[in-house]
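Sequence positions in the sequence shown follow full-length UniProt numbering and run 1 to 330.
Ideal placement from N, C-alpha and C gives every residue a C-beta, glycine not left out.
Since this is a predicted model, take the numbers as computed values, not measurements.
Here is the structure we will look at.
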Amino acid sequence: MCCKGSLPVCLHEVSCAEDFDEYIGNVSFDELRADISRTYDLLWSPRVVTVLRGARADELAERVRAHADEPEYDPLADPEKLKTGDMVFENMALLLRDALIAREFTDAIKGGYSGRIDVYKAQGSNASWHWLKIVSPCISLFRKIALQINARFGARLGNKHSTPGLERDMASLQSSMRANTVFQKTPGRILRGVKNGEVPNVIAAGLKQLHGPLAEYNKMFSRLQRRRRETPLGPLEVAPSAAPAVDAAQSAQPVPEIPDATVTVPSDTSLSGELPEGRSQPAVVGESTMDADLEEPDEEDYWRAFEDDDYEPYLMFAEEETIPLDICDY
């Protein structure tokens, strides 16, 4: 409701329209699009918040340096008014920016193109993947139990209700926004009586926290790639092939020994002679082919596949590491 009520106020600040209903009735699509774009750039953009907070941070740092001899000095509690920044405007701009992202996410869910989403919020000792593994199969069971109870006792009232009228609430909210000049930059305006008046920019904070997990993931991925290129120390295990069944009586008979025989080939015998019909001429293996098969691979070519800076020889003997899955990291 806050976002819906703030739109007429924001358009009034940009287009100077006195009556919102009259503005909606006369504006064209191109004009509305231009006004919305200008509203986002001036009132909803996080760039404006960054500029205002940066200027206030510089002013507060200057005050702290000026009172370096006072260890318990609080620049925000100084009676002298600040000349930069506006906490009220900054927080409202971030609220509306996050509301637009949430609306886009809601439309994606309704349209069916949001992808798979798993939402789970645990507290205390239950904040672990083990507990999530236990609870997940029970969700569908709980839903079936609820449907059975509703069907048996006839107490299914549904989960929808008529939309209440918000005209009076939105009018009161818009009046309060105009009275407190929420969408007008007032230099030096701060929030007193709260622990931290600055609402954090969740998008920027999330991007800063991605550096460590992404670096760890890339490091682990490179390590697994190096292990994959390693030559095994022992022979590879070959799956036993299915041998044809042999009769037990036949297998129990002793196998006669065959004495060594020497075959003498006449010198005038030629392989290029005529062979009996239905037989193919045997292939002749040259010395160059046999020598190529017996050659060992070049050692320099083997080690060229590894990077000198990243290769760690002891890792080929290390055990496979289990990637930690902690719900607090996501």
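A straight line joining the alpha-carbon of Glu62 with that of Pro200 spans about 22 Å. Taking one beta carbon from each stretch, the stretch 68-85 and the stretch 17-27 have fewer than 3 pairs nearer than 8 Å; the two do not touch. Contact annotation: Glu90 and Glu198 have beta-carbon atoms nearer than 9 Å. In this structure, Ala55 places its C-beta atom within 9 Å of the C-beta atom of Gly85. For the options Leu191, Leu207 and Ala171, the alpha carbon positioned closest to that of Asp19 is the one of Ala171. Rounded to whole angstroms, the Cβ separation of Glu104 and Lys83 is 37 Å, and the two are not in contact under 8 Å. Within the model, the alpha-carbon separation for Arg47 versus Ala17 is close to 26 Å. Taking the Cβ atoms as the reference, Thr39 lies roughly 5 Å from Cys10, within the contact range of under 8 Å. For the stretch 161-209, the continuous alpha helix (DSSP H) assignments of 4+ residues that do not extend past its boundaries occur at 167-179 and 202-209, in sequence order. Only residues of its own chain outside the window of five on either side were considered, and among them Arg63 have a CB closer than 8 Å to the CB of Asp78, listed in chain order. Under the DSSP definition of a beta bridge, Asp86 partners with Arg189.
Apart from the 5 residues on each side of it in sequence, His130 has no Cβ closer than 6 Å to any other Cβ in its chain. With a beta-carbon spacing of about 19 Å, Ile203 and Met87 fall beyond the 8 Å limit used to define contacts. Put simply, the backbone Cα of Leu207 is about 45 Å away from that of Gly234. Here the alpha carbons of Ile139 and Ile145 stand approximately 10 Å from one another.
Shown here, Lys81 sits in coil according to DSSP, grouped into three states, outside any helix or strand. Of the other Cβ atoms in all chains shown, fewer than 16 fall within 10 Å of the Cβ of Met220; this residue is therefore exposed.
Put simply, of Leu166, Pro8 and Leu52 the residue whose alpha carbon is nearest the alpha carbon of Leu32 is Pro8. At least 9 Å separates the beta-carbon of Trp44 from that of Ala102.
When secondary structure is reduced to three states using DSSP, His130 falls in the helix class. Between Ser15 and Asp35, the CB-CB gap stays under 9 Å.
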